[in-house]
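Input: a single structure, listed below in structure tokens.
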């Protein structure tokens, strides 16, 4: 019995030391969390010396503009074809907004050709586009949701004088992360939608497509800056967008 008692005591001692050792290890740092303003309706505030429209929303994931967003059956795409239509609104028909078609009835998708980023895939478009690129079916004419931060223009933003291409800053109350973006697309009057790149840059790195993931709580705060891009400058990547936002004095 004494041998068993001593063995158990030794094990208990070892366990105590191991527990203490684990407790002394530094814990991984946690990103700071920014407070949500608790908005029930949009409001006008001053941000970085500019007048801004502030809204607090959930965030659906928009992949429009990414060259691999949509394609025929058998292609590995960022989203399903049913999501290429505008959200259901009572009394209004759903419109095809995710990709270009060869006819008005939307039955014949425009296909990327040789030399395009994803030959054989559909040409996915955004409302904001590079006006200097005259080739309408060029996927590079549109804002790439997979690489560039953008939000969708909602009714509240329109009422606040916001236009396509205007700058915004966005932050997540949950993650504390923030990002520069532009108003890059339309098709969702709630405005609760942002590009795949934006959602991931806000810290939701588990989201990799627009198929079945979204930010389901109203923890995203958007600051719209009306008339902040009067020349409708187009940004080919996020680095260009961030540089332009910095010149405007926007600090995320």
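In the numbering used here, the protein residues as written are 75 to 326.
Backbone N, C-alpha and C define an ideal beta-carbon position, used for all residues, glycine too.
Answer with buried or exposed for residue i, where buried requires no fewer than 16 other C-beta atoms within 10 angstroms of its C-beta.
{"i": "residue 97", "result": "Because the pLDDT of residue 97 is 44, which lies under 50, any placement of that residue in the model is unreliable, and the question is left without a value."}
{"i": "residue 335", "result": "Only positions 75 to 326 of the chain appear in this structure, which leaves residue 335 out of reach."}
{"i": "residue 293", "result": "buried"}
{"i": "residue 210", "result": "exposed"}
{"i": "residue 279", "result": "exposed"}
{"i": "residue 156", "result": "exposed"}
{"i": "residue 314", "result": "exposed"}
{"i": "residue 115", "result": "exposed"}
{"i": "residue 320", "result": "exposed"}
{"i": "residue 259", "result": "buried"}
{"i": "residue 267", "result": "buried"}
{"i": "residue 169", "result": "exposed"}
{"i": "residue 200", "result": "buried"}
{"i": "residue 75", "result": "Because the pLDDT at residue 75 is just 42, under 50, the model does not fix this residue reliably, and the point stays unresolved."}
Tell me whether residue i counts as near the ligand SAH, meaning its Cβ is closer than 7 angstroms to at least one heavy atom of that ligand.
{"i": "residue 321", "result": "With respect to the ligand SAH, the structure shown offers nothing to examine, as it has no ligands at all."}
Relative to the C-alpha of residue i, which residue among the options is closest?
{"i": "residue 122", "options": "275, 259, 247 and 242", "result": "242"}
{"i": "residue 277", "options": "117, 246 and 116", "result": "246"}
{"i": "residue 223", "options": "312, 119 and 326", "result": "312"}
{"i": "residue 207", "options": "268, 200 and 216", "result": "216"}
{"i": "residue 296", "options": "203, 166 and 129", "result": "129"}
{"i": "residue 262", "options": "274, 175, 160 and 291", "result": "160"}
{"i": "residue 229", "options": "158, 251 and 298", "result": "298"}
{"i": "residue 147", "options": "125, 112, 171 and 194", "result": "194"}
{"i": "residue 111", "options": "286, 179 and 131", "result": "131"}
{"i": "residue 326", "options": "304, 282 and 254", "result": "254"}
Return helix, strand or coil for residue i, following the three-state DSSP convention.
{"i": "residue 58", "result": "With the chain covering 75 to 326 only, the question about residue 58 has no answer from this structure."}
{"i": "residue 243", "result": "strand"}
{"i": "residue 102", "result": "Here the model assigns residue 102 a pLDDT of 46, short of 50, so the residue's position is not dependable, and the following value carries that caveat. Of the three classes helix, strand and coil, the one that applies to residue 102 here is coil, per DSSP."}
{"i": "residue 223", "result": "coil"}
{"i": "residue 313", "result": "helix"}
{"i": "residue 213", "result": "helix"}
{"i": "residue 126", "result": "strand"}
Mind checking who residue i pairs with in its DSSP beta bridge?
{"i": "residue 257", "result": "225"}
{"i": "residue 185", "result": "196"}
{"i": "residue 232", "result": "Looking at the DSSP assignment, residue 232 forms no beta bridge with any residue, so it has no partner."}
{"i": "residue 166", "result": "163"}
{"i": "residue 120", "result": "125"}
Could you name the residues of the same chain whose beta carbon sits closer than 6 angstroms to that of residue i, not counting the 5 residues immediately before and after it, in chain order?
{"i": "residue 191", "result": "141 and 213"}
{"i": "residue 137", "result": "143, 152, 153, 219, 270 and 284"}
{"i": "residue 248", "result": "293"}
{"i": "residue 308", "result": "204"}
{"i": "residue 196", "result": "144, 145, 173 and 183"}
Using C-beta distances below 7 angstroms, list every residue in its chain close to residue i, excluding the 5 sequence neighbours before and after it, in chain order.
{"i": "residue 236", "result": "127, 227, 257, 298 and 300"}
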